[in-house]
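A.B. asks:
Structure (structure tokens):
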């Protein structure tokens, strides 16, 4: 993973936590050129004070500033008409986005006090005494099959590219490209993890972000919602293991037919319907006096 991290550092810049403001809708290339000309004329005018050509530079600056102001007013008027017309044609278009951006709540900040961070982590993640590790004997006649290319592609295809990376900082899109270019390396790594019963400790580390809850006092640990980011490489291994477990439990002879929890396409509603159906069948079978359907 260090090779991928080094490649990302060399080929792309890290994301700035402070987003760059998007240009306003009325800003055009013509206005940008007029602004540069106006700034250049202003610098020449400021440097020419007290000289013979001062009046000439003053007139040039006034003319450039007038042209810039006229262009801005014209562009603003034109964009305002376009926004008014777009409201009728596209309700969820740019006018809606502009209006909703004004209604957003102010961006909350994470706690900066180390004492508050430690107390919040201690309250949100209480330590549980570790018990003895359960060692299951492996059957020699049942070797662990190697991870296939289909399993790897199926696991990485369910990874969303725009999610925040883990402590390694590798973007999901970069990891997907690496898997597509050299899938043999990842197949060998994941197969070795399954064969040796080892989940790398580095993939268990999380990057913690504490998000303040609205309307809660900032000095209480429970006023923050924890958000933990894991390395995507470990998530792919988890998905491979989960896919194998689901394939084993869903085959004939796996889980019971009355198992409704942790089953695809089943829920507590199905369990309630099964109970009602069993009760109706029992009543219809006249197990009780005057039983009816």
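Residue numbers (my numbering): 514 to 806. All C-beta atoms, glycine included, are put in the ideal place defined by N, C-alpha and C.
Determine the closest residue to residue 554 out of 782, 575, 778 and 765, with distance taken between C-alpha atoms.
C.D. replies: 575
A.B. asks: Given that a residue counts as buried once 16 or more other Cβ atoms are within 10 Å of its Cβ, and exposed if not, what is residue 722?
C.D. replies: Residue 722 is exposed by the Cβ-count criterion.
A.B. asks: Rounding to the nearest angstrom, what Cα-Cα distance links residue 626 and residue 650 in this structure?
C.D. replies: 48 Å
A.B. asks: Leaving out the 5 sequence neighbours to the left and right, which residues in its chain are closer than 7 Å to residue 541 when beta-carbon positions are compared?
C.D. replies: Setting aside the 5 residues that flank it on each side, residue 541 is surrounded in the same chain by 588, each with a C-beta closer than 7 Å to its C-beta; the list follows chain order.
A.B. asks: May I ask which residues mark the beginning and end of the beta strand (DSSP E) holding residue 722?
C.D. replies: DSSP places residue 722 in the uninterrupted beta strand (DSSP E) bounded by 719-725.
A.B. asks: Can you have a look at residue 660 and say buried or exposed, based on whether 16 or more other CB atoms are within 10 angstroms of its CB?
C.D. replies: buried
A.B. asks: By Cβ distance below 7 Å, which residues in the same chain neighbour residue 786 in space, the five residues on each side in sequence not counted?
C.D. replies: none
A.B. asks: Leaving out the 5 sequence neighbours to the left and right, which residues in its chain are closer than 8 Å to residue 567 when beta-carbon positions are compared?
C.D. replies: 558 and 561
A.B. asks: Buried or exposed: residue 546, going by 16 or more other Cβ atoms within 10 Å of its Cβ?
C.D. replies: exposed
A.B. asks: Within the same chain, show all residues whose beta-carbon is closer than 8 Å to that of residue 662, passing over the 5 residues directly before and after it, in chain order.
C.D. replies: 696 and 700
A.B. asks: In terms of residues, what are the limits of the alpha helix (DSSP H) holding residue 755?
C.D. replies: That run of the alpha helix (DSSP H) goes 745-763.
A.B. asks: For the alpha helix (DSSP H) that contains residue 567, what are its first and last residues?
C.D. replies: 567-602
A.B. asks: Tell me which residues share the same chain as residue 806 and place their Cβ nearer than 7 Å to its Cβ, disregarding the 5 neighbours each side in the sequence.
C.D. replies: Any reading at residue 806 needs caution, since the residue's pLDDT is 45, under 50, leaving its predicted position unreliable; the model's value is listed next. So the qualifying residues of the chain are 793, 796 and 797.
A.B. asks: Under a three-way DSSP split, which group does residue 738 fall into?
C.D. replies: strand
A.B. asks: Of the choices 784, 709 and 767, whose alpha-carbon is the least far from that of residue 774?
C.D. replies: 784
A.B. asks: Using the Cβ count rule (16 or more neighbours within 10 Å means buried), how would you classify residue 804?
C.D. replies: Bear in mind that a pLDDT of 49 at residue 804, under 50, signals an unreliable position, so the number given afterwards is only what the model happens to contain. Exposed.
A.B. asks: Measuring CB atoms only, is the region 732-746 touching the region 675-692, in the sense that at least three cross pairs come out at less than 8 Å?
C.D. replies: These segments touch.
A.B. asks: Give me the residue from 780, 689, 658 and 644 with the minimum Cα distance to residue 706.
C.D. replies: 658
A.B. asks: Is it right to say residue 521 is buried, meaning 16 or more other beta carbons lie within 10 angstroms of its own, or is it exposed?
C.D. replies: buried
A.B. asks: So, for residue 664: in the same chain, excluding its five sequence neighbours on each side, which residues have a beta-carbon less than 6 Å away from its beta-carbon?
C.D. replies: Cβ neighbours of residue 664 within its own chain (closer than 6 Å, five residues either side excluded): 753.
A.B. asks: Name the two residues that bound the continuous alpha helix (DSSP H) containing residue 787.
C.D. replies: The continuous alpha helix (DSSP H) containing residue 787 extends over residues 781-797.
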